[in-house]
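To convert a position in the sequence shown, counted from 1, into the working numbering, add 1134. In what follows, a structure is listed as structure tokens, so that the remarks can point back to it.
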Amino acid sequence: MASFDAIIIGGGPGGYVCAIHAAQLGLNVAVVEGREALGGTCLNIGCIPSKALLHATHSLHEVHENFTKMGLMGGAPTVDWAKMQAYKAETVTGNTKGIEFLFKKNKVTWLKGWGSIPEPGKVKVGTDIHDAKYIVIATGSEPSSLPGVTVDEKIVVTSTGALSLSAIPKSMVVIGAGVIGLEMGSVYARLGTKVTVVEYLDAITPGADAEVAKSFQRILAKQGFTFVMGAAVQGVVTGKTGAKVTYKLRKNDSEASLDADVVLVATGRKPFITGMGLAALGVEILPRGQIKTDAHFATNIKGLYAIGDAIVGPMLAHKAEDEGMALAEIMAGKSGHVNYGVIPGVIYTMPEVASVGVTEEQLKEQGRAYKVGKFPFMGNARAKAVFQAEGFVKILADKDTDRILGCHIIGPGAGDIIHEVCVAMEFGASAQDLALTCHAHPTYSEAVREAALACGHGAIHA
Ligand code: NAI
């Protein structure tokens, strides 16, 4: 039993970042986490392990596709799945242990166990009840369920099971062409699995710029993906060694089915806020299951705050981190702020897909006057040298003021090069500001500058 300035429930990117920053600002902070390791979904069963598998399988893809072109001869390596899984596990542990170290360094207390809130200002962990002036819910999200589909995490899996399959399947049906489906689908497609994606909508990656989505789908199809679009999954029947997925095509209501060794259900996530006693406390919950907060992350209960996937907004680790930083500032008596207009989104496939700001479709909907500057990676020397010249950079700018409104990239290093546009947007920059900034040659980032030039008198290399 102890007393803290702030107790944060949940040790994921939202919670741990909030805790460390609050401690930096002089608060006495504890984090309640019931998992064996800190880092939440992202570090343990999300962003980080998936990136390890994406890296390993991309390396294999490079061997198959490009090595002989560069004079690197010899047979392709065989895949030791157990060893690849061990590499993934080591990557995870290295990161989760890192958070433990940061907690010690910043004097953040880890209260091990699952927390609940018996009354305002109190957090119960096991049999202990602790006091806190501020309580922060940063408990994240869990996969949404789909009617008619029972997940066993062996044959019918969510992203969690997909990261740790006992063997590489011969075939996989992915339900949902969102970020999880396409990232994990890429891992297995590169390992030789026949991947079929069944998607309800007519385009992949919901909410993405339509041109990018179209180009992305074409590239993935070339990589071996099969897409069944406009198809609503009706149910999954599991057998001894595989499963049957039935779906209905929206255009004519016809039913069809697909058999696969493994079915990945990737149809979205929902806030994970059960078991904390929120209903008894009278915490307001929105119709879609998120905790209702004001612009300063405060719930309707005094001293109770919430951030990350548990509240509204994109379910992204870095959005949660930014909210954690801002809330730490608020709890320390300063002013914290998140600019929701400049939150990048990245899909870590090959090529990567990245975006920030509005899409062209949103601008059309808003009836706003805009201009488009586009540059293909075919005109980028560095991309061509490494066989990654597919894709493009697209910058959207205000027609009159030239202010950058959005950027959408499909191509090499997209997830990194998007950030110069994020910084530019934070400073309210114009496309010309980017175009007048010297960019090192040869880099992928030059494609961003060229797209900015294309908003003015035109790109040089296109
Ligand atoms: P998502 O919301 O990105 O995509 C789900 C897809 O499933 C949609 O395209 C939807 O139309 C489709 N769908 C829904 N019901 C269906 C049905 N019955 N039949 C066929 N298709 C159906 O969800 P996803 O991929 O599960 O990701 C969950 C969350 O995790 C997202 O918010 C995502 O941003 C986040 N995430 C982010 C990552 C990143 O930033 N790289 C990586 C992984 C997850």
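Ideal Cβ placement from N, Cα and C applies to all residues, glycine included.
DSSP-derived helix/strand/coil call for Ala-1342: Against the sequence shown, residue 1342 aligns to sequence position 208. Reduced to three states, the DSSP call for Ala-1342 is coil.
Buried/exposed call for Met-1459, threshold 16 Cβ in 10 Å: Indexing the sequence shown from 1 puts residue 1459 at position 325. So Met-1459 ends up on the buried side.
Buried versus exposed call for Asn-1178 [16 or more other C-beta atoms within 10 Å across all chains shown]: Counting from one through the sequence shown, the residue named residue 1178 turns up at place 44. Buried is the call here.
Assumed close pair Thr-1380, Ser-1391 - CB separation to whole angstroms, cut-off 8 Å: Mapped onto the sequence shown, residue 1380 falls at position 246. Mapped onto the sequence shown, residue 1391 falls at position 257. Thr-1380 to Ser-1391, Cβ: 4 Å. Contact.
Under the three-state DSSP convention, the category Ile-1503 falls into: Position 369 of the sequence shown holds residue 1503. Sequence inspection shows Ala at residue 1503; the Ile mentioned does not correspond to that position. Here Ala-1503 sits in coil by DSSP.
Beta-carbon contacts of Thr-1202 that lie in its chain and below 7 Å, excluding the five residues immediately before and after: On the sequence shown, position 68 is the one that residue 1202 refers to. Cβ neighbours of Thr-1202 beyond the five flanking positions: none.
Residue environment, Phe-1350, which counts as buried when at least 16 other CB atoms sit within 10 Å: Locating residue 1350 in the sequence shown gives position 216, counting from the first residue. Label assigned to Phe-1350: buried.
Identified DSSP bridge partners for Val-1332: Here residue 1332 corresponds to residue number 198 of the sequence shown, with the count starting at 1. In the DSSP output, where bridge partners are listed per residue, Val-1332 has Ile-1309 and Val-1362.
One or two residues paired with Thr-1380 in a DSSP bridge: The residue given as residue 1380 occupies position 246 in the sequence shown. The partner list for Thr-1380 (beta bridge, DSSP) reads Gly-1369 and Ser-1391.
Residue closest to Thr-1261, alpha-carbon to alpha-carbon, out of Glu-1333, Ser-1250 and Phe-1521: Counted from its first residue, the sequence shown places residue 1261 at position 127. The candidate whose alpha carbon is nearest that of Thr-1261 is Ser-1250.
Residue burial classification, Asp-1534 (beta-carbon count within 10 angstroms, cutoff 16): Within the sequence shown, residue 1534 is the residue found at index 400, counting from 1. Exposed, because fewer than 16 other Cβ atoms sit within 10 Å of the Cβ of Asp-1534.
Proximity test, Thr-1401 beta-carbon vs ligand 1 heavy atom, cut-off 7 Å: As a working mapping, residue 1401 is identified with position 267 in the sequence shown. It does: the Cβ of Thr-1401 is within 7 Å (strictly closer) of some heavy atom of ligand 1.
Counterpart residues of Gly-1479 in DSSP-defined beta bridges: Here residue 1479 refers to the residue found at position 345 when the sequence shown is read from its first residue. Paired residues: Ser-1489.
Heavy atom of ligand 1 within 7 Å of Tyr-1474 beta-carbon: Residue numbering aside, residue 1474 sits at position 340 when the sequence shown is read from its first letter. Every heavy atom of ligand 1 is 7 Å or more from the Cβ of Tyr-1474, so no.
Residues sharing a beta bridge with Leu-1530, DSSP: Translated into positions along the sequence shown, residue 1530 becomes position 396. Per DSSP, the beta-bridge partners of Leu-1530 are Val-1506 and Gly-1540.
Beta-carbon separation (whole angstroms), Leu-1316 vs Leu-1187, contact threshold 8 Å: By one-based count along the sequence shown, residue 1316 stands at place 182. By one-based count along the sequence shown, residue 1187 stands at place 53. Between Leu-1187 and Leu-1316 the Cβ distance is about 13 Å, and since that is not below 8 Å, they are no contact.
Residue closest to Ala-1503, alpha-carbon to alpha-carbon, out of Ala-1531, Glu-1486, Ala-1515 and Gly-1168: The count along the sequence shown starts at 1 and reaches residue 1503 at position 369. Here the closest residue by C-alpha is Ala-1531.
Cβ distance (whole Å) where Glu-1276 is taken to contact Lys-1404 below 8 Å: Your numbering for residue 1276 matches position 142 in the sequence shown. Your numbering for residue 1404 matches position 270 in the sequence shown. 6 Å between Cβ atoms; contact.
Nearest-angstrom Cα separation, counted from Ala-1344 out to Glu-1494: Position 360 of the sequence shown, counted from the first residue, corresponds to residue 1494. Position 210 of the sequence shown, counted from the first residue, corresponds to residue 1344. About 8 Å.
Straight-line gap, Gly-1295 to Ala-1440 (C-alpha atoms, nearest Å): Mapped onto the sequence shown, residue 1295 falls at position 161. Mapped onto the sequence shown, residue 1440 falls at position 306. Rounded to the nearest angstrom, the two C-alpha atoms are 28 Å apart.
Selection from Ala-1377, Val-1290, Ala-1272 and Thr-1273 that minimises the alpha carbon distance to Ser-1279: Reading the sequence shown from its first residue, position 145 is the one you call residue 1279. Out of Ala-1377, Val-1290, Ala-1272 and Thr-1273, Val-1290 has the C-alpha closest to the C-alpha of Ser-1279.
Proximity winner among Val-1492, Gly-1174 and Gly-1364, relative to Thr-1227 (alpha-carbon distances): Locating residue 1227 in the sequence shown gives position 93, counting from the first residue. Here the closest residue by C-alpha is Gly-1174.
Bridge partner(s) assigned by DSSP for Thr-1243: Your numbering for residue 1243 matches position 109 in the sequence shown. According to DSSP, Thr-1243 bridges with Ala-1164.
Member of Gly-1160, Glu-1199 and Met-1218 whose CA lies at the smallest distance from the CA of Pro-1183: Counted from its first residue, the sequence shown places residue 1183 at position 49. Looking at the Cα atoms, Met-1218 is the closest of the given residues.
Residue from Ile-1435, Ala-1323, Ile-1302 and Ile-1477 with nearest C-alpha to His-1198: Within the sequence shown, numbered from 1, the residue matching residue 1198 stands at position 64. Closest by alpha carbon: Ala-1323.
Proximity to Ile-1419 [Cα-Cα], best of Thr-1330, Ala-1444 and Lys-1453: As a working note, residue 1419 is residue 285 in the sequence shown. Of the candidates Thr-1330, Ala-1444 and Lys-1453, the one whose C-alpha sits nearest the C-alpha of Ile-1419 is Ala-1444.
Cβ shell of Ala-1563 (< 7 Å), same chain only, five flanking positions each side left out: Locating residue 1563 in the sequence shown gives position 429, where the first residue counts as 1. Closer than 7 Å at the Cβ level, and outside the excluded window around Ala-1563, lie Ile-1538.
Exposure of Glu-1253, with buried meaning 16 or more beta-carbon neighbours within 10 Å: As a working note, residue 1253 is residue 119 in the sequence shown. Glu-1253 should be labelled exposed.
Ala-1394 versus Asp-1265 - alpha carbon distance: Residue 1394 sits at position 260 when you count from the first residue of the sequence shown. Residue 1265 sits at position 131 when you count from the first residue of the sequence shown. Whole-angstrom Cα-Cα distance: 51 Å.
In DSSP terms, what His-1264 is bridged to: In the sequence shown, residue 1264 corresponds to position 130, counting from 1. In the DSSP output, where bridge partners are listed per residue, His-1264 has Val-1257.
Arg-1352, buried or exposed, once every other Cβ within 10 Å from all chains shown has been counted against 16: On the sequence shown, position 218 is the one that residue 1352 refers to. Under the 10 Å beta carbon count, Arg-1352 is surrounded by fewer than 16 other beta carbons and is classified as exposed.
Pro-1147, enclosing alpha helix (DSSP H) - first and last residue: Translated into the one-based positions of the sequence shown, residue 1147 becomes position 13. Pro-1147 -> alpha helix (DSSP H) spans 1147 to 1158.
Range of the contiguous beta strand (DSSP E) that encloses Lys-1404: As a first step, residue 1404 must be located in the sequence shown, where it is residue number 270. Counting along the chain, the beta strand (DSSP E) containing Lys-1404 begins and ends at 1403 to 1405.
As assigned by DSSP and simplified to three states, the class of Ser-1184: Numbered from its first residue, the sequence shown carries residue 1184 at position 50. In this structure, Ser-1184 counts as helix in the three-state DSSP scheme.
Near ligand 1: Ile-1353 beta-carbon under 7 Å from a heavy atom: Counting from one through the sequence shown, the residue named residue 1353 turns up at place 219. It does not: the Cβ of Ile-1353 is nowhere closer than 7 Å to a heavy atom of ligand 1.
Thr-1401 to Gly-1513 span [Cα, whole Å]: Here residue 1401 refers to the residue found at position 267 of the sequence shown. Here residue 1513 refers to the residue found at position 379 of the sequence shown. When rounded, the distance between both Cα atoms is 36 Å.
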